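**Q** My structure is below; once you've seen it, I'll send some questions.
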Amino acid sequence: MRELHRWANPTTWPTAPIPTARTETARMTSPRPVRTRFAPSPTGYMHIGGMRTAFFCWLWARHTGGTFILRIDDTDQERNVSEALQPIFRAFRWLGLDWDEGAEKGGPYAPYYQSQRSDIYRAAIKKLLIEGQAFKDFDPPEVVQQDRAEAEAAKRNYVNIRRSLELTPEKFAELEAAGTPFVVRLLVPRDQSVTIHDAVRGEVTWDCGTMPDPVLMRSNGSFLYNFASVVDDAAMEITHIIRAEEHLTNTCVQTLLFRALGSEPPVFAHIPFITAPGSTKKLSKRDLDKLRNTPALKKLFDRADEVFPKLGLGDSKSLSPVMVEYYEKMGYLPVGILNALARLGWSLDDKTEIMDLETIVKHFTLDRIVKSSAGFDGDKLQSLQAHWMNVLPLPEKIAGVKPYLEQVGWPADDTHLAKILPGIADRLKVFSDILDYAEFFVSDDALAFDAKALEKIRTQPQAREIVASLKKLLTEAPDVEAATIDPLVHQWAESQGLKMGQVVAPLRLGVTGRSVGIGLFDAIALIGKDSCLHRLTRLEQTL
RNA sequence: GGCCCGUUCUUCUAGCGGUUCAGGAAGCCGGCCCCUCAAGCCGGUAACGCGGGUUCAAAUCCCGCACGGGUCACCA
Numbered sequence: 131m132r133e134l135h136r137w138a139n140p141t142t143w144p145t146a147p148i149p150t151a152r153t154e155t156a157r158m159t160s161p162r163p164v165r166t167r168f169a170p171s172p173t174g175y176m177h178i179g180g181m182r183t184a185f186f187c188w189l190w191a192r193h194t195g196g197t198f199i200l201r202i203d204d205t206d207q208e209r210n211v212s213e214a215l216q217p218i219f220r221a222f223r224w225l226g227l228d229w230d231e232g233a234e235k236g237g238p239y240a241p242y243y244q245s246q247r248s249d250i251y252r253a254a255i256k257k258l259l260i261e262g263q264a265f266k267d268f269d270p271p272e273v274v275q276q277d278r279a280e281a282e283a284a285k286r287n288y289v290n291i292r293r294s295l296e297l298t299p300e301k302f303a304e305l306e307a308a309g310t311p312f313v314v315r316l317l318v319p320r321d322q323s324v325t326i327h328d329a330v331r332g333e334v335t336w337d338c339g340t341m342p343d344p345v346l347m348r349s350n351g352s353f354l355y356n357f358a359s360v361v362d363d364a365a366m367e368i369t370h371i372i373r374a375e376e377h378l379t380n381t382c383v384q385t386l387l388f389r390a391l392g393s394e395p396p397v398f399a400h401i402p403f404i405t406a407p408g409s410t411k412k413l414s415k416r417d418l419d420k421l422r423n424t425p426a427l428k429k430l431f432d433r434a435d436e437v438f439p440k441l442g443l444g445d446s447k448s449l450s451p452v453m454v455e456y457y458e459k460m461g462y463l464p465v466g467i468l469n470a471l472a473r474l475g476w477s478l479d480d481k482t483e484i485m486d487l488e489t490i491v492k493h494f495t496l497d498r499i500v501k502s503s504a505g506f507d508g509d510k511l512q513s514l515q516a517h518w519m520n521v522l523p524l525p526e527k528i529a530g531v532k533p534y535l536e537q538v539g540w541p542a543d544d545t546h547l548a549k550i551l552p553g554i555a556d557r558l559k560v561f562s563d564i565l566d567y568a569e570f571f572v573s574d575d576a577l578a579f580d581a582k583a584l585e586k587i588r589t590q591p592q593a594r595e596i597v598a599s600l601k602k603l604l605t606e607a608p609d610v611e612a613a614t615i616d617p618l619v620h621q622w623a624e625s626q627g628l629k630m631g632q633v634v635a636p637l638r639l640g641v642t643g644r645s646v647g648i649g650l651f652d653a654i655a656l657i658g659k660d661s662c663l664h665r666l667t668r669l670e671q672t673l
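Under my numbering, the letters of the first sequence match residues 131 to 673, in that order.
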C-alpha cells in the first residue's frame with residue numbers, strides 16, 4: 131500500500147523530461163514537418179478498419195514527406211504484449227506500410243511503448259499538480275459511483291463533485307500523510323468552451339461546464355489512455371492526429387490537456403467509421419454472425435469456409451474478413467486491399483477508382499475525406515483486387531500461387547505453372563483460387579468428378595458413345611494442341627449432327643472433372659494426351 | 001437522457017448556388033461474344049431524409065424536425 135502511494139508527494143518524484151511547449155516564434159517561422167502516428171493496443175489481430183485508419187495516417191505522412199510513427203498503447207500490461215503485437219506488425223509489413231519511428235524500430239522519441247513511459251507521465255502529472263491544473267481527488271470510487279447514480283436518477287448530467295478541493299489545508303495534509311488513496315483529475319475550466327478545427331469535420335465546439343474532471347492517474351499510480359496519449363503526442367511532436375470518429379468526443383478533454391501541458395494541440399482529423407454495408411454499425415469482430423449474412427460480405431465468408439479448411443487455417447470464424455490476416459491468407463494483393471481501403475471514405479476525384487499506392491500517396495489530402503460512415507463492400511473490394519491480379523506479371527503470379535499448392539500437396543514447377551496460369555487468366559482473383567483447378571495438379575486417378583455434373587451427363591443420351599468416340603478422336607490426333615483438337619471436335623460433332631454443347635460437356639467432365647473451367651481445348655493441351663485418355667476411360671466406367 | 005457527429009442510387013462516391021430533370025464505380029438486369037465459367041464490350045436499372053426559409057436560382061447556404069451513429073469509466 132505504502133509503496134503504491136509513494137507518488138503522493140510530487141516533490142519526491144524523479145524528474146523526467148517534461149513535454150516542452152514549442153515556442154510561438156518557432157511555430158510561426160516555418161510550418162512544422164508533418165508527424166503522424168498510429169497507436170494500436172496489442173489485441174492479437176489487426177482489424178481491417180484500424181488498418182484503414184493507420185493507412186490514412188501513413189498516407190498523410192508520405193504525401194507530405196513527413197514522419198509516420200507506430201506507437202504501442204499497452205497501458206494494460208495484462209496480456210503478452212509481444213505476442214499480441216505480432217499480427218499487427220505482420221499486417222503492416224504485408225501491406226508494405228513502413229514506419230519511420232516506433233516499435234521495433236526506435237527513434238529519437240523512444241521509448242514507443244506506453245508501458246515504458248511511466249516516468250514521463252509521472253513528470254507530467256507532477257507538473258500539472260504543481261501548477262494547480264490538476265488535483266488529487268480523495269473520494270473513493272464508491273462515492274463517485276454514488277454521485278453518478280444520483281445524477282442519473284435525477285436525470286441530471288453527471289459532473290463530479292470537487293470535494294477534495296474544498297478540504298482545508300490541514301485535512302488535505304492529513305489525508306496525504308495517512309497515505310489515503312487518490313486519483314489525479316484534470317481541473318476542467320468549467321467556464322470555458324473548447325473549439326477545434328477538425329480537418330474533416332470542420333469546427334466543433336464543446337462547453338466545458340457540463341463535463342466531469344477526467345481522471346489522469348488511477349489510485350494505483352497507473353495512467354489513463356486519454357492522458358498518456360496526449361502526453362505522448364505532445365512529447366513526440368505529433369502534428370496531425372488522424373483517427374476514427376469514435377474519438378471525436380475525447381478531443382475536448384485532450385485539447386484541454388494539450389493546453390494544460392503548455393503544448394499546441396495538433397490538427398485533428400476524425401475519419402468516419404467503417405461499417406457493414408447496409409448497416410450503420412461499426413464493423414466489429416463481435417457480431418460475425420450478422421456480418422456473414424450481409425449480402426456484400428457473404429461471399430467473403432463463404433469463401434473462407436471453403437478455402438481455409440483446405441489450408442489447415444480453420445474457417446471464417448477464426449479468420450474473418452474483419453481481420454487483415456484474412457486477406458493475406460486468402461491470397462489478396464496488398465495493392466488491391468490498399469486500393470479498396472483508400473476508397474473507403476476518400477476519393478481522388480469523380481471517376482478514378484483504380485489507384486496504385488504511388489497514385490494514392492500523390493493525391494491523398496485530408497480535405498477529401500468523407501464525413502459519413504462507409505460500408506465495407508466485399509464486391510467492390512473483389513473487383514479492385516481482380517483488376518490488380520489481372521495486371522500482375524506472370525512471375526509474381528507464379529510465386530504467389532506456389533505456397534498454396536505446396537500447402538495442399540500439389541507441388542508444381544515454374545515451367546508447368548507458366549503454362550497453366552495464362553490459361554486460367556483472369557479467373558484467378560486471389561492466389562488461393564488456384565485450389566479450384568485441381569485438374570492441372572492431381573493425378574488422373576485422384577481427380578474427382580463433380581457429382582452434379584456427372585448426374586447431368588448420365589441423363590444425356592448417347593453420353594457413353596460420345597465419350598468413346600472422343601477417345602478415339604484424341605488417340606488418332608497428331609497432337610493435342612488446342613489448334614488441332616478444336617477443329618477436329620467441331621468437325622466430328624458436325625458430322626454426327628451433334629451440337630457442340632452435347633459434345634463438350636462430357637468431354638469437359640472427363641478431362642477436368644467439372645462442368646466449368648478454362649477453355650476446354652486449352653485444358654486438354656495442358657493436361658496432355660495420355661492423361662486425357664486415361665481420365666476419359668475413368669469417366670466411361672462411371673457412366 | 002446530456003453532449004457531439006452524420007444523412008446523394010442497394011453499396012462506395014462526385015457535387016462546395018446556375019454548365020446536373022445529379023456524374024463515375026461496384027452490384028443487379030438484358031444483349032453481344034461463346035464449349036462452360038470468367039473477362040471484355042454495349043445497353044438498362046436506381047438517389048439528393050422531411051419541413052420551412054434565404055435567393056432570380058439550392059443537393060449545395062440558414063433554421064427546425066426525423067432518423068442513424070458516437071460518446072458520456074479509476075477501458076483503450
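Just so it is clear, CB atoms sit at the ideal spot from N, CA and C, and this is done for glycine as well. Quick caveat, the model's predicted, so the values are computed rather than measured.
Grab the span of the beta strand (DSSP E) containing T340 for me, first residue to last.
**A** Translated into positions along the first sequence, residue 340 becomes position 210. That residue, T340, is in no beta strand (DSSP E); it is neither H nor E in DSSP.
**Q** Where does the unbroken beta strand (DSSP E) through I326 begin, and where does it stop?
**A** The residue you call residue 326 lines up with position 196 of the first sequence. Run containing I326: 323–328, per the beta strand (DSSP E) assignment.
**Q** From the DSSP output, in three-state form, read off I654 for me.
**A** Residue numbering aside, residue 654 sits at position 524 when the first sequence is read from its first letter. Residue state, collapsed to three classes: helix.
**Q** Looking at the unbroken beta strand (DSSP E) that takes in R348, where does it start and where does it end?
**A** Looking up residue 348 in the first sequence gives position 218. Premise fails: R348 is in no beta strand (DSSP E) and is neither H nor E.
**Q** For the 8 Å Cβ check, are there 3 or more pairs between the stretch 488–506 and the stretch 396–414?
**A** yes
**Q** Name the DSSP beta bridge partners of G335, please?
**A** For the purposes of this step, residue 335 is taken as residue 205 along the first sequence, with counting starting at 1. For the sequence presented, residue 335 should be read as Thr rather than Gly. Its beta-bridge partners are T325.
**Q** Note the first and the last residue of the continuous beta strand (DSSP E) segment covering F264.
**A** Indexing the first sequence from 1 puts residue 264 at position 134. Note that residue 264 corresponds to Ala in the displayed sequence, not to Phe. Per DSSP, A264 belongs to the beta strand (DSSP E) from 264–267.
**Q** Would the beta-carbon of V437 fall within 8 Å of that of M460?
**A** Sequence index remark: in the first sequence, residue 437 carries index 307 (1-based). Sequence index remark: in the first sequence, residue 460 carries index 330 (1-based). Yes, these two residues count as a Cβ contact at 8 Å.
**Q** Drop a sphere of 10 angstroms on the beta-carbon of P439, count the other beta-carbons inside from all chains shown, and report buried for 16 or more, exposed for fewer.
**A** For this step, residue 439 is matched to residue 309 along the first sequence. By the neighbour-count criterion, in which a residue is buried when 16 or more other Cβ atoms sit within 10 angstroms of its Cβ, P439 is exposed.
**Q** Cα-Cα, which of R644, D652, A358 is closest to P617?
**A** Position 487 of the first sequence, counted from the start, is the residue given in the question as residue 617. Among R644, D652, A358, the Cα nearest to that of P617 belongs to D652.
**Q** Cutting at 8 Å between CB atoms, please list the residues of its own chain near G649, excluding the five before and the five after it.
**A** By one-based count along the first sequence, residue 649 stands at place 519. Same-chain partners within the cutoff: G553, A612.
**Q** Please specify which runs of the alpha helix (DSSP H), each continuous and at least 4 residues long, are wholly inside the stretch 567–633, giving them in chain order.
**A** List check, alpha helix (DSSP H) in window: 581–588, 593–606, 612–626.
**Q** In angstroms with no decimal places, state the Cα-to-Cα distance between P395 and D328.
**A** What you label residue 395 is simply residue 265 of the first sequence in a count that begins at 1. What you label residue 328 is simply residue 198 of the first sequence in a count that begins at 1. Approximately 11 Å between the Cα atoms of the pair.
**Q** Rounded C-beta distance between V619 and L666? I'm assuming under 8 Å.
**A** Looking up residue 619 in the first sequence gives position 489. Looking up residue 666 in the first sequence gives position 536. Not really, about 13 Å apart at Cβ, beyond 8 Å.
**Q** Since I believe Q626 is in contact with K559 (beta carbons under 8 Å), could you give me their beta-carbon distance rounded to a whole number of angstroms?
**A** Here residue 559 refers to the residue found at position 429 when the first sequence is read from its first residue. Here residue 626 refers to the residue found at position 496 when the first sequence is read from its first residue. Actually they do not touch by this definition, with Cβ atoms about 38 Å apart.
**Q** Can you have a look at G676 and say buried or exposed, based on whether 16 or more other CB atoms are within 10 angstroms of its CB?
**A** Absent from the model: residue 676. The displayed extent of the chain is 131 to 673, so no value can be given.
**Q** Between the Cα of A577 and the Cα atoms of T672, I401, M519, Q515, which residue gives the shortest distance?
**A** For the purposes of this step, residue 577 is taken as the residue at position 447 of the first sequence. It should be noted that the sequence gives Leu, not Ala, for residue 577. It is T672.
**Q** Closest to A374 by CA distance: which of G179, D609, A593, G658 is it?
**A** Within the first sequence, the letter at position 244 stands for residue 374. A374 has its Cα closest to that of G179, out of G179, D609, A593, G658.
**Q** For Q590, tell me which candidate among P241, A568, G631, L600 has the shortest Cα-Cα distance.
**A** The sequence position of residue 590 within the first sequence is 460, counting from 1. When the alpha-carbon of Q590 is set against those of P241, A568, G631, L600, the nearest one is in G631.
**Q** Which one of K415, N469, R473, G475 has the shortest CA to CA distance from L449?
**A** Position 319 of the first sequence, counted from the start, is the residue given in the question as residue 449. The shortest Cα separation from L449 among K415, N469, R473, G475 belongs to K415.
**Q** Alpha carbon to alpha carbon, how far is W518 from P270? Give it in angstroms, no decimals.
**A** On the first sequence, residue 270 is found 140 positions in, with the first residue counted as 1. On the first sequence, residue 518 is found 388 positions in, with the first residue counted as 1. Rounded to the nearest angstrom, the two C-alpha atoms are 59 Å apart.
**Q** Sort out for me which residues DSSP pairs F398 with in a bridge.
**A** As a working mapping, residue 398 is identified with position 268 in the first sequence. Answer is I371, bridged to F398.
**Q** Alpha carbon to alpha carbon, how far is G643 from A434?
**A** Taking the first residue of the first sequence as position 1, residue 643 is located at position 513. Taking the first residue of the first sequence as position 1, residue 434 is located at position 304. Going by the C-alpha atoms only, they are around 23 Å apart.
**Q** Have a look at S573 and A655 and give me their C-alpha separation to the nearest angstrom.
**A** If you number the first sequence from 1, residue 573 lands on position 443. If you number the first sequence from 1, residue 655 lands on position 525. Those two C-alpha atoms are separated by around 16 Å.
**Q** Please name the residue or residues paired with A504 in a DSSP beta bridge.
**A** The residue you call residue 504 lines up with position 374 of the first sequence. In the DSSP output, where bridge partners are listed per residue, A504 has I404.
**Q** Based on the DSSP secondary-structure assignment, which residues constitute the bridge partners of T197?
**A** Counted from its first residue, the first sequence places residue 197 at position 67. T197 pairs with R165.
**Q** For the stretch 209–281, which segments carrying the beta strand (DSSP E) assignment without a break, of at least 3 residues, lie completely within its bounds, in sequence order?
**A** 264–267
**Q** Write down every uninterrupted run of the alpha helix (DSSP H) in the stretch 418–497 whose length is 4 residues or greater and which is fully enclosed by it, in chain order.
**A** 418–422, 425–441, 454–460, 464–472, 487–493
**Q** Taking the straight line between their C-alpha atoms, what separation do you get for L215 and L584?
**A** Counting from one through the first sequence, the residue named residue 215 turns up at place 85. Counting from one through the first sequence, the residue named residue 584 turns up at place 454. C-alpha separation (whole angstroms): 49 Å.
**Q** Report the partner residues of L316 according to the DSSP bridge assignment.
**A** Along the first sequence, one-based indexing puts residue 316 at 186. DSSP, once it has assigned bridges, lists A264 as partnering L316.
**Q** Which class does I648 belong to by DSSP, given the choice of helix, strand or coil?
**A** For the purposes of this step, residue 648 is taken as the residue at position 518 of the first sequence. It is coil, neither helix nor strand.
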